[in-house]
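Heads up, the thing below is written out as structure tokens.
Protein chains in written order, with this note's numbering: chain A, 3 to 132; chain V, 2 to 155.
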């Protein structure tokens with residue numbers, strides 16, 4: 003099963019996981035990593051490292067981060083040295099749900115599908131419907 | 002050299018630099034970091050979010066003479082980022098002229114007993130060094146992003 007880590011500035015990731023579970027039900031091998039202003043990059047590195055280890059059962063891990071180029075991104079990105087880790091920036095709720103529903107497929111394919119789902123979920127409703 | 006921001010930031014290029022200091026209309030970033038300068042993946046990660054027109058270069062802290070020489074020719078609006086007070090001093094000693102040192106991110110640890118802001122913690126030794134810097138005519142202030150109110154230390 004592909005493990006999921008959601009690393010964000012502040013508590014956004016914690017709420018994102020909670021909200022995803024409201025919609026799809028309780029999930030396993032999913033962890034949120036919050037990052038607060040007083041914490042050092044080293045602390046964040048350790049937290050992400052631990053979270054990846056906790057959710058990885060050998061099938062690989064997707065780390066979602068909020069902002070490309072932000073600290074959660076640059077620190078998670080260092081784990082790309084591990085071929086079994088993918089990092090996807092710009093996380094939104096549909097992406098987390100998509101991943102939760104496709105956790106038993108190959109890591110690279112799922113990462114691509116999740117990225118696509120995220121983009122597809124961004125819609126101007128007026129343009130779409132009216 | 003046209004320095005628009007000289008900053009201590011342990012995170013170097015991150016969201017606050019990319020979004021929070023956009024108003025400076027900077028075109029170039031100089032990063033002083035042994036870790037970043039020696040690692041291709043770290044460099045790419047640092048640059049992953051910057052605007053397309055912004056360039057960057059990375060130096061190790063023992064490359065200050067080289068940095069000063071390269072940057073002397075640079076006319077772009079430039080941000081200099083260092084990770085700690087010692088490297089800030091090295092930049093100043095390299096002869097690059099700065100009039101203000103911004104403290105952006107200096108995270109909490111056991112020796113940093115002085116809390117300046119939610120992201121800036123300073124040890125007594127660092128406070129003494131910052132005072133020395135101020136005596137060279139350089140203002141020292143803590144400010145996360147442009148919209149925050151600056152806290153003047155010296």
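Just so it is clear, CB atoms sit at the ideal spot from N, CA and C, and this is done for glycine as well.
Sequence-ordered contacts of the stretch 110–123 of chain V with chain A read 110, 119, 120, 122 [C-beta pairs closer than 8 Å].
Just measuring C-alpha positions, the residue of 11(A), 23(A), 40(A) sitting nearest residue 109(V) is 40(A). Within the model, the alpha-carbon separation for residue 45(V) versus residue 15(V) is close to 12 Å. Counting only runs of 3 or more residues that sit fully inside the stretch 65–91 of chain A, the beta strand (DSSP E) segments are 87–91, in chain order. Annotation: the continuous beta strand (DSSP E) that includes residue 143(V) extends over 140–143.
Interface annotation, residue 16(V): in contact with chain A, CB-CB separation under 8 Å. Sorting 12(V), 86(V), 138(V) by C-alpha distance to the C-alpha of residue 47(A) places 12(V) at the top. Contact annotation: in the stretch 45–68 of chain V, residues whose CB is within less than 7 Å of a CB in chain A are 46, 47, 49, 50, 51. Comparing C-alpha distances from residue 62(A) to each of 127(A), 77(A), 35(A), 85(A) shows the shortest one belongs to 85(A). Secondary structure note for residue 103(V): it is in no alpha helix (DSSP H), and the uninterrupted beta strand (DSSP E) holding it is 101–106. At a cut-off of 8 Å, the C-beta of residue 80(A) has a neighbouring C-beta in chain V. Under the DSSP assignment, residue 39(V) falls outside any alpha helix (DSSP H); it carries neither an H nor an E label. Closer than 7 Å at the C-beta level to chain V, one finds these residues of the stretch 35–69 of chain A: 39, 40, 41, 42, 43, 69. Just measuring C-alpha positions, the residue of 36(A), 26(A), 54(A) sitting nearest residue 82(A) is 54(A).
About 18 Å separates the beta carbons of residue 4(A) and residue 95(A), which is beyond the 8 Å limit, so they are not a contact pair.
Between the alpha carbons of residue 95(V) and residue 114(V) lies a gap of roughly 30 Å.
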